[in-house]
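Chains as they are written, first to last, in UniProt numbering: chain A, 1 to 382; chain B, 1 to 382.
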């Protein structure tokens, strides 16, 4: 295998349904997603050169290290190179990036990338504690949590941009509506703006239905030369970690940098993107990321959402699979699940939620409250 | 940055002393190693394109995820891509491999790779439990531990090869002797064969001084174009996970495969290697790995050790830095520390333990009881 300038291709994808709670073990989840993607790619486990697992905290949730090794053993890929990549809530996309680099470097030809998390393996209090370890150390010592940061950002967005709260609610409404057509989504019941706005306050003006759930699940992609979806760009970037040290709570520099790098690698501009999966852990993040990625100017995304531009039949369908908000957010799985959805979109297989046209897709997976992001561009092999 | 066929180069290395116990936090350890390597490379943090952290179980030992992000923030490398790689006790070498692939793929030019672990952050019982999660799930449920596997392998080696127990003792004696000259080693006191053989039985015939300790510490390397040590081969491979399913308890297939792949990538044979760092978590593993790597035939390594061939002044100096046995084994740090030692050897800077000649170095870092290995070849830029 020699170093290659050709874009690696995705030959198969698969995932488990995302659920609030499952009795399956983490290994069962990643194995099921892996086997689905391998079958879809028509690649046998023994053909794999490398296995990369994206997972945030198996040690904390399920008391195990070496998940990649356990997966290699259980799917029968012994011989392949294997490791796990962790980047908190962006572990999935970081694992994918690692797989792409192995292919481009000529170290592997057929790579299985699986993201998974089993958050219900511990009780709610412990789960909150584990997720809480994502924020900056100083913030954590002062009791700052992700929802508290999202509350501050939501408030700032509404005030600084004189935005309508209905736009945030509409992000949730849109994503729940999309998830209703996604058989793998955790929430398949549509919600109304009124339901979002009357849901319990978490950190006012942030409400419960502005937040993604905790979830169990796994998603997988197979990189192989015979694939029909090209990976034309994948790039990561860190941004200022502690939120109070940022220029503004409304800036997510890491998304802007990763987006610029990935778009530049693909040689395209935001206008060329047909469909996007962004990291809507909180509704306000969907707006901020669309602005950082250059789809809309600062403070302009909320109007676009209200105008229906980000709906499946809009000019830029965003989170057609339901996003983190409604498909669910098993931390290490999310970045891979976004790519699975993009592949289904680019293949025209997203029944009931198909973006048209769908030749070029973009995904952004975000760690913490925006301190490390990975942006990926996939293009249909037309 | 374009895809490159040229071998990436190591421009700087650094490490913390390895210790049984430290009050420093994990982040302090990885930061200190990182800054030492950056200074050695004359690279500033803002020049880094990527940061990769090798760590086995920060969630379990120190209740944190996102170590790569915390490191980027603390050293001032914001903007760089960053993530952590986990592959149990081979996390360090897996992280290095990931860094090399990022460079070869043209995704990064200057990469900081840091491995670290803070095992003393929990009590001995919990630490044993965390390390115990490395073995195959079925083995773990039946109470099998790494030392118990090592005991079985030690017994089999002595019986099947009619080997002299003194050879195992000599591995410990040699590595402790080498560590005495390494200011970063955990144990700097030489030991005698008699002391090894009269140390407490762990899993007869395996004795306490046949085993590596638990440790705290970190090690780092900087990949940059101006480096003077070339990475001519790096490859990983998994082998059969559950030991009872292997052809023999004396086979470590993953080492053989990773070794063959790395040597082939470098275009060299075992006879071209001047100095080696192998994964001597137990003395018997040093012998088995030397045989799997092709340095000695099956059952022949023990005689070579007794003949002094693997001593610093022998034909193939092995573990001149003291190995896991005496330098210490902070899980995620070890694979990187092996490369730091090789770089010092290749530069002729290993005072008191210098191999001569030292143009070509090989390291092998092993996960679990041999189920996943990474082999790296470094060559001096002569």
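Using N, Cα and C, we set each Cβ at its ideal position, and we do this for glycine too. As the structure is a prediction and not an experimental result, all values here were calculated from the model.
Asked, Found
"Cβ of residue 221 of chain B within 8 angstroms of any chain A Cβ", "no"
"Chain A contact for residue 118 of chain B (CB, 8 angstroms cutoff)", "no"
"Residues from the region 204-215 of chain B in contact with chain A, defined by Cβ distance under 7 angstroms", "none"
"Cβ-based burial, residue 321 of chain B [other Cβ within 10 Å; buried from 16]", "buried"
"Enclosing beta strand (DSSP E) for residue 118 of chain B [first to last residue]", "111-118"
"Pair within 8 angstroms by beta-carbon distance, residue 140 of chain B and residue 133 of chain B", "yes"
"Sequence-distant residues of the same chain with beta carbon closer than 6 angstroms to residue 131 of chain B, five excluded per side", "none"
"Pick from A/371, A/298, A/220 that is closest to residue 39 of chain A, judged by C-alpha positions", "A/220"
"Spatial neighbours of residue 7 of chain A in its chain, beta-carbon cut-off 6 angstroms, leaving aside the 5 residues before and after", "230, 231, 232"
"Whole-Å CB distance - residue 383 of chain A paired with residue 335 of chain A, under 8 angstroms assumed", "Examination of residue 383 of chain A is not possible in this model, given that chain A is present from 1 through 382 alone."
"Opening and closing residue of the alpha helix (DSSP H) in which residue 40 of chain A lies", "26-41"
"Cβ of residue 94 of chain B within 8 angstroms of any chain A Cβ", "yes"
"Proximity test, Cβ basis, 8 angstroms: residue 267 of chain A and chain B", "no"
"Where the region 55-84 of chain B meets chain A: residues whose CB sits under 7 angstroms from a CB there", "56, 57, 59, 60, 63, 64, 65, 66, 68, 69, 70, 72, 73, 78, 79, 80, 81, 82, 83, 84"
"Burial state of residue 81 of chain B, where buried means 16 or more other Cβ atoms lie within 10 Å", "buried"
"Cβ of residue 462 of chain B within 8 angstroms of any chain A Cβ", "A query on residue 462 of chain B cannot be resolved here, the shown segment of chain B reaching from 1 to 382 and no further."
"Residue 356 of chain A classed as buried or exposed, judged by whether at least 16 other C-beta atoms fall within 10 angstroms", "exposed"
"Any chain B beta carbon closer than 8 angstroms to residue 137 of chain A", "yes"
"Closer than 8 angstroms at the beta carbon, the chain B residues around residue 286 of chain A", "Under the 8 angstroms cutoff, chain B gives no residues; its nearest Cβ is about 22 angstroms from residue 286 of chain A."
"Length of the line joining the Cα atoms of residue 196 of chain A and residue 262 of chain A", "34 angstroms"
"Option in A/77, A/67, A/279, A/163 with minimal Cα separation from residue 212 of chain A", "A/279"
"Nearest residue (CA-CA) to residue 110 of chain A, options A/344, A/183, A/222", "A/222"
"Residues near residue 62 of chain A by beta carbon distance below 6 angstroms, same chain, minus five either side", "26, 118, 121"
"Distance, residue 201 of chain A Cα to residue 149 of chain A Cα", "14 angstroms"
"As assigned by DSSP and simplified to three states, the class of residue 137 of chain A", "helix"
"is_contact[residue 328 of chain A, chain B] using C-beta, thresh 8 angstroms", "no"
"First through last residue of the beta strand (DSSP E) which encompasses residue 372 of chain A", "372-380"
"Chain-ordered chain A contacts of residue 238 of chain B [CB-CB under 9 angstroms]", "51, 68, 69, 72, 73, 77, 78, 79, 80, 81, 82"
"CB contact below 8 angstroms: residue 383 of chain A versus chain B", "Examination of residue 383 of chain A is not possible in this model, given that chain A is present from 1 through 382 alone."
"Min CB distance residue 128 of chain A to chain B below 8 angstroms", "no"
"Residues that residue 47 of chain A contacts on chain B, provided the C-beta gap is smaller than 7 angstroms", "Neighbours of residue 47 of chain A on chain B: none; closest Cβ ~14 angstroms, over 7 angstroms."
"8 angstroms Cβ cutoff met for residue 71 of chain B and residue 108 of chain B", "no"
"Continuous beta strand (DSSP E) stretch holding residue 223 of chain B: start and end", "216-223"
"Own chain residues within Cβ distance below 7 angstroms of residue 304 of chain B, not counting five before or after", "296, 310"
"Neighbour list for residue 105 of chain B in chain A, Cβ cutoff strictly below 7 angstroms", "101, 104, 105"
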